[in-house]
Amino acid sequence: MSDSLPVLRSDGRGHADRAAAFLRDEPHAHWHDQAVWFVRAKRDRAASAVPEWERLREVASRIKAHTQARLADYLEEFERKATAAGATVHWARDADEHNAIVHRILSERGVTRLVKSKSMLTEECHLNPYLEARGIEVTDTDLGERIVQLAKEPPSHIVMPAIHKKKEEIGDLFHEKLGTPEGLSDPTRLTEAARAHLRERFMAAQAGLTGVNFAVAETGGFVVCTNEGNADMGTSLPPIHVACMGVEKIIPRLEDLAVFLRLLARSATGQPCTSYTTHFLGPMRGGELHIVVVDNGRSALLAREQYRRALHCIRCAACMNTCPVYRRSGGYSYTYTIPGPIGIVLATARGVDGHASLPFASSLCGSCDDVCPVKIPLHEEILTGRRDLAERGLQPMSKRLGMRLAALVLRVKLLYLAAGATARFLGRNLPRGVLYARWNPWGRQRELPPMPRETFRQLYRKERRPRV
Amino acid sequence: MKVALFIPCYVDQLYPQVGLATVRVLEKLGVDVVYPEDQTCCGQPMANAGFASDAAPLARRFLEVFGGFEHVVCPSGSCASMVRNHYDALIPGAPGLEAVKRATYELCEFITDVLKIGRIAGRFPRKVGLHQSCHGLRELRLGSSSERLEAPYSKVASLLSSLEGIELVPLARVDECCGFGGTFAVVEEAVSCMMGRDRLADHVKAGAEIVTGTDVSCLMHMDGLARRAKAPLAFRHVAEVLAEAMP
Ligand code: SF4
Numbered sequence: 004m005s006d007s008l009p010v011l012r013s014d015g016r017g018h019a020d021r022a023a024a025f026l027r028d029e030p031h032a033h034w035h036d037q038a039v040w041f042v043r044a045k046r047d048r049a050a051s052a053v054p055e056w057e058r059l060r061e062v063a064s065r066i067k068a069h070t071q072a073r074l075a076d077y078l079e080e081f082e083r084k085a086t087a088a089g090a091t092v093h094w095a096r097d098a099d100e101h102n103a104i105v106h107r108i109l110s111e112r113g114v115t116r117l118v119k120s121k122s123m124l125t126e127e128c129h130l131n132p133y134l135e136a137r138g139i140e141v142t143d144t145d146l147g148e149r150i151v152q153l154a155k156e157p158p159s160h161i162v163m164p165a166i167h168k169k170k171e172e173i174g175d176l177f178h179e180k181l182g183t184p185e186g187l188s189d190p191t192r193l194t195e196a197a198r199a200h201l202r203e204r205f206m207a208a209q210a211g212l213t214g215v216n217f218a219v220a221e222t223g224g225f226v227v228c229t230n231e232g233n234a235d236m237g238t239s240l241p242p243i244h245v246a247c248m249g250v251e252k253i254i255p256r257l258e259d260l261a262v263f264l265r266l267l268a269r270s271a272t273g274q275p276c277t278s279y280t281t282h283f284l285g286p287m288r289g290g291e292l293h294i295v296v297v298d299n300g301r302s303a304l305l306a307r308e309q310y311r312r313a314l315h316c317i318r319c320a321a322c323m324n325t326c327p328v329y330r331r332s333g334g335y336s337y338t339y340t341i342p343g344p345i346g347i348v349l350a351t352a353r354g355v356d357g358h359a360s361l362p363f364a365s366s367l368c369g370s371c372d373d374v375c376p377v378k379i380p381l382h383e384e385i386l387t388g389r390r391d392l393a394e395r396g397l398q399p400m401s402k403r404l405g406m407r408l409a410a411l412v413l414r415v416k417l418l419y420l421a422a423g424a425t426a427r428f429l430g431r432n433l434p435r436g437v438l439y440a441r442w443n444p445w446g447r448q449r450e451l452p453p454m455p456r457e458t459f460r461q462l463y464r465k466e467r468r469p470r471v
Numbered sequence: 019m020k021v022a023l024f025i026p027c028y029v030d031q032l033y034p035q036v037g038l039a040t041v042r043v044l045e046k047l048g049v050d051v052v053y054p055e056d057q058t059c060c061g062q063p064m065a066n067a068g069f070a071s072d073a074a075p076l077a078r079r080f081l082e083v084f085g086g087f088e089h090v091v092c093p094s095g096s097c098a099s100m101v102r103n104h105y106d107a108l109i110p111g112a113p114g115l116e117a118v119k120r121a122t123y124e125l126c127e128f129i130t131d132v133l134k135i136g137r138i139a140g141r142f143p144r145k146v147g148l149h150q151s152c153h154g155l156r157e158l159r160l161g162s163s164s165e166r167l168e169a170p171y172s173k174v175a176s177l178l179s180s181l182e183g184i185e186l187v188p189l190a191r192v193d194e195c196c197g198f199g200g201t202f203a204v205v206e207e208a209v210s211c212m213m214g215r216d217r218l219a220d221h222v223k224a225g226a227e228i229v230t231g232t233d234v235s236c237l238m239h240m241d242g243l244a245r246r247a248k249a250p251l252a253f254r255h256v257a258e259v260l261a262e263a264m265p
C-alpha cells in the first residue's frame, strides 16, 4: 500500500447483504450472538475485579499516544537492543516485502516445514498462501487457527478464529481431515485429537513463526501471549524463530507491560492473564531469531490525524465481542482480515478497496468505545469514515440526492410542514398493499409509526400558547 | 425559570403527544416553557449518514433559532447529543455555538442536573422496562454504561424509580442497542430488526408491560416490531410516563 490517498470503491449493499445471508439461519445467528456475548460478559467480570480499570485504560491510551509521537525513535532503540541481544531485525515496507523476507529467511536455511502460532499480521499479509505456493508447508498451531486452516477458511474473529463453527461442524471436519470417529463432537476429545496431530507437526518443524503482542524498546525483547502454549512449542523445538510485528506493537519500557498485560487478557477472554506470557530476548542457544518489522500502511495511517488512534489497537477483540452488529452478522460479513468496529475503521482509513459499505455496518451505539482497553473512539472514527466517503463522492447517488433533498426541505419551515403533512396524509390513506410494498424496507418486518392528523406544533398552539 | 423547547422533527410530526407530555412535565415542575416555532430539524439524519455539508446549514439554523436561550430542553438524548457532541464537526467555531451547546439538555438530565430534582412526586403502578438509548447513555452519559467500570448510576432510572408503585424490571442486557441507528434501520434492515427483536424478548422475559426510554426513535423501531409480532408490550416515552404519573 502506498502513501497516496486510499482508493475506495463502492461494494454496493455489501455488508448488509452478507449480514442478511448470515441471518437467514436465525437459530445459528442467535447461537453466534450468545456465544460471543458470553465472552463479553466474562470480560465484564474480569475487568470489574480491577478497581483501577478505568485508570489503566487511560494510562494505556496515553502510553500509546506518546509512543506514536516518537515511533521512529523507539523503533530504532528496539532494533539496537534486539540486535545487541543477538536477534536479526528486518524491515518491511509492505505485505509483499514482508512475505519475501520471511520466505528468504526460510528458503536460505532449507526450511520446508514451518509451524506458526497465531498472528493477525501474517493474515493481513496473506503469508500462508505465499509460502505454500513456494513449497513450504505451513501449519497453524493455534487450535482455532488450525480448524479454519483445515476448513480452508479465513479466521472470522481475531482472538477466536473459529467462533462461527459449532462443535458438531468441527467434529465433521476432524473426522474428514484427522480421522476422528464419525459423529464425535466432544470438545475435550476433539482437542486431544488436534493436539496429537499438531505434536507430529511440531516435532517435524524446522522453523517456528510467531506474532508479537508487545515489543519493548528499552530491552529489545518482546512478548507473545497465548493460551495453548503453541508459540512456546513452536519456538523451542525448531532452532529458527521468525517473529513478525507491525510497527505499532512497540512500547517504550518493560514496566509498561504492567499496564497492557493487565488489560489484554481481561479484555480479550475475561482471563486475568493468558496461560502463557512468553518473553523473548535474543535467540535460543545455537539458534536464530529474526524479527520482521512491518509498516504496510501504518505510517500512512499515522499521518491521518482523524484515524491515528486506531493504531493504538492491541487486538484484544473486545470491540467485536461487544458489537451488536458483529455478533449478529459474523466475521465474514466484513470481508476484511479484521472484522468488527476496529476492522471497519482500519479498512476505511487504509482505503482497502471494496469495503465502502463497512462504515454503515454500525448503529453507532458506542459500546466499542467504552469497552476498548486503549480508548480508541471507534464509533466516532466510523462516523468519520462515512464523512470521508460522502466528501469523496463515494456514497451511492440515490442516497446523496435523497440527503440533499431532505436537507433542503428541512431548511425551509413551510416545505418541512408541507412535506410532513403530505407524508402523514399518505400514511393514513394509502392502501396497506402500497404502503408495505417492496419499496419500503422499514415495513418488511416492522409496522410504520402512527400518522397523526396534527403535529405537535398545531396541538401546542391550540393549547393556548403565546407564539414566540 | 424559562426554557426553550427543542422538539425533534419526528416527534413534531409523528409523536406530538410526547412533545405535549414534555411541556406538561416541565410546567408541573414550575418551569416556563416556550416553543420557538421556526425550528425544524437538528440535522442528525444527514450528519449521521456522513453528509456533513448537508447537515451544516441545519446546524446553523439551529443556532439562529435557539441562540440566546439560557436553557434548551429536548425529549431526545440523541438530538441533544447531536448539538452538544457533533455540531463542532459540522460548524467548527461558529459564533454562539459554545453557548448553545452549554444550554442544551435532554429532559431527564435537565430535571436532574439543572432543576436539581431527584424525586418526582407521582404514581405509576406498572412494570416498566427501561430502554437506555445509546447516544443518551454513551454520549451524554445519562447513566453508567455496562462497559465502563464506574459506580452505577442512571438519571432516567432514578427519576422513574422515585415514582410510587413503579417496578423497573431487571434486564439480561441492560444497555444493548435496539438497532434503530437512524439510516442503519433501513440500510442494515436484517441486523437492525434482529437487534430490536432481541431487545423485545429481553423486556418480555423480564415481565415488562411498558417499555420506556428517552428516545422515541428507538421506541418507534421496537414498537413497529412488537406490533408486527403482536408482542404484549406498550411503548411510552419517559416524558409520557412522568406526565401520566404526576398528579
Ligand atoms: S480496537 Fe480496542 S477493543 Fe477493538 S481489538 Fe483493538 S484494542 Fe481491542
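Note that the protein sequences, when read in sequence, are chains A and B. All residue numbers for the first sequence refer to the numbering used here, where the first residue is 4 and numbers rise by one. All residue numbers for the second sequence refer to the numbering used here, where the first residue is 19 and numbers rise by one. By construction, the Cβ of each residue, glycine as well, lies at the ideal position given by its N, Cα and C atoms. The structure presented is a predicted model; accordingly, all values stated were derived computationally and were not measured.
Straight-line gap, residue i to residue j (C-alpha atoms, nearest Å)
i             : j             : result
residue 82/A  : residue 189/A : 46 Å
residue 255/B : residue 227/A : 50 Å
residue 337/A : residue 347/A : 8 Å
residue 137/A : residue 106/A : 8 Å
residue 80/A  : residue 108/A : 23 Å
residue 342/A : residue 323/A : 7 Å
residue 350/A : residue 357/A : 9 Å
residue 9/A   : residue 361/A : Unreliable positioning characterises residue 9/A in this predicted model, as indicated by a pLDDT of 39, which lies under 50. A coordinate reading is not provided.
residue 31/B  : residue 423/A : 6 Å
residue 43/A  : residue 173/B : 25 Å
residue 13/A  : residue 397/A : Caution applies to residue 13/A, whose pLDDT of 48 falls short of 50 and renders its modelled position unreliable; the value that the coordinates give is listed next. Each residue's alpha carbon lies about 7 Å from the other.
residue 17/A  : residue 31/A  : 21 Å
residue 266/A : residue 127/B : 32 Å
residue 455/A : residue 62/B  : 23 Å
residue 177/A : residue 132/A : 22 Å
residue 276/A : residue 183/A : 32 Å
residue 431/A : residue 250/A : 60 Å
residue 200/A : residue 229/A : 19 Å
residue 76/B  : residue 52/A  : 46 Å
residue 243/B : residue 197/B : 11 Å
Per-residue contacts from residue i into chain A (C-beta, under 9 Å)
i            : result
residue 34/B : 455, 457, 458, 459, 460, 461, 462 and 463
residue 37/B : 458, 459, 460, 462 and 463
Within chain A, the residues that residue i reaches when beta carbons sit closer than 8 Å
i             : result
residue 70/B  : 390, 393 and 394
residue 59/B  : 413 and 419
residue 164/B : 47
residue 29/B  : 459
residue 75/B  : 410 and 414
residue 168/B : 57
residue 64/B  : 406, 409 and 410
Proximal residues of chain A, C-beta to C-beta of residue i below 7 Å
i             : result
residue 205/B : 19 and 363
residue 189/B : The premise fails here: residue 189/B is roughly 13 Å from chain A at the closest Cβ pair, so nothing lies under 7 Å.
residue 143/B : Here the premise fails: no neighbours, minimum Cβ distance about 26 Å.
residue 159/B : Within 7 Å Cβ-Cβ: nothing; residue 159/B doesn't reach chain A, min ~10 Å.
7 Å Cβ cut-off: residues of chain B touching residue i
i             : result
residue 384/A : Neighbours of residue 384/A on chain B: none; closest Cβ ~12 Å, over 7 Å.
residue 67/A  : The premise fails here: residue 67/A is roughly 19 Å from chain B at the closest Cβ pair, so nothing lies under 7 Å.
Neighbouring residues, chain B, relative to residue i (Cβ below 9 Å)
i             : result
residue 370/A : 152, 156, 163, 164, 165, 193, 194 and 195
Neighbour flag for residue i against chain E, beta carbons, 8 Å
i            : result
residue 91/B : Chain labels in this structure do not include chain E; the protein chains are A and B.
Exercise. What alpha helix (DSSP H) runs, 4 residues minimum, are completely inside the segment 239 to 311 of chain A?
Worked result: 260 to 272 and 301 to 305
Problem set entry | Length at least 4, wholly inside the segment 181 to 231 of chain B: the alpha helix (DSSP H) runs in chain order | 202 to 205 and 207 to 223
For this session: Please list the segments of the beta strand (DSSP E) lying wholly inside the segment 77 to 124 of chain A, counting only runs of 3 or more residues, in order along the chain.
Result: 91 to 95 and 116 to 119
For this session: Mind checking the segment 322 to 345 of chain A against chain B and listing, in chain order, the residues whose C-beta falls within less than 7 Å of any C-beta there?
Result: 325, 327, 328, 331 and 332
Problem set entry | Contact between the segment 364 to 372 of chain A and the segment 23 to 31 of chain A (3+ Cβ pairs under 8 Å) | Per the Cβ contact rule, the segment 364 to 372 of chain A is not in contact with the segment 23 to 31 of chain A (fewer than 3 Cβ pairs under 8 Å).
Problem set entry | contact_flag[the segment 326 to 337 of chain A, the segment 147 to 165 of chain B] where n(CB pairs < 8 Å) is 3 or more | The answer is no - the segment 147 to 165 of chain B does not touch the segment 326 to 337 of chain A, with fewer than three Cβ pairs under 8 Å.
Exercise. Are three or more beta carbon pairs between the segment 119 to 127 of chain B and the segment 86 to 104 of chain B nearer than 8 Å?
Worked result: yes
Problem set entry | Residues within the segment 112 to 123 of chain B neighbouring chain A, beta-carbon criterion of under 7 Å | none
For this session: Spell out a yes or no on whether the segment 105 to 116 of chain B and the segment 133 to 143 of chain B are touching, meaning 3 or more CB-CB pairs, one atom from each, closer than 8 Å.
Result: The segment 105 to 116 of chain B makes no contact with the segment 133 to 143 of chain B; the number of CB pairs closer than 8 Å stays below 3.
For this session: Taking 8 Å as the threshold, find out whether the segment 169 to 178 of chain B comes into contact with the segment 305 to 323 of chain A through three or more Cβ pairs.
Result: no
Exercise. According to a CB-to-CB cut-off of less than 8 Å, which residues of the segment 225 to 259 of chain B neighbour chain A?
Worked result: 238, 239, 241, 242, 243, 245 and 246
Problem set entry | Three-pair Cβ contact test at 8 Å for the segment 149 to 161 of chain A versus the segment 242 to 258 of chain A | no
Exercise. What are the residues of the segment 205 to 220 of chain B that lie near chain A, defined by any Cβ-Cβ distance shorter than 9 Å?
Worked result: 205, 206, 207, 208, 209, 210, 211, 212, 213, 214, 215 and 216
Exercise. Is there contact here, the segment 49 to 62 of chain B with the segment 72 to 87 of chain B, by at least three beta-carbon pairs under 8 Å?
Worked result: The segment 49 to 62 of chain B is in contact with the segment 72 to 87 of chain B.
Problem set entry | chain A contacts made by the segment 81 to 107 of chain B, where a contact means CB separation under 7 Å | none
Exercise. Using a beta-carbon distance cut-off of less than 9 Å, what residues from the segment 45 to 57 of chain B approach chain A?
Worked result: 51, 52, 53, 54, 55, 56 and 57
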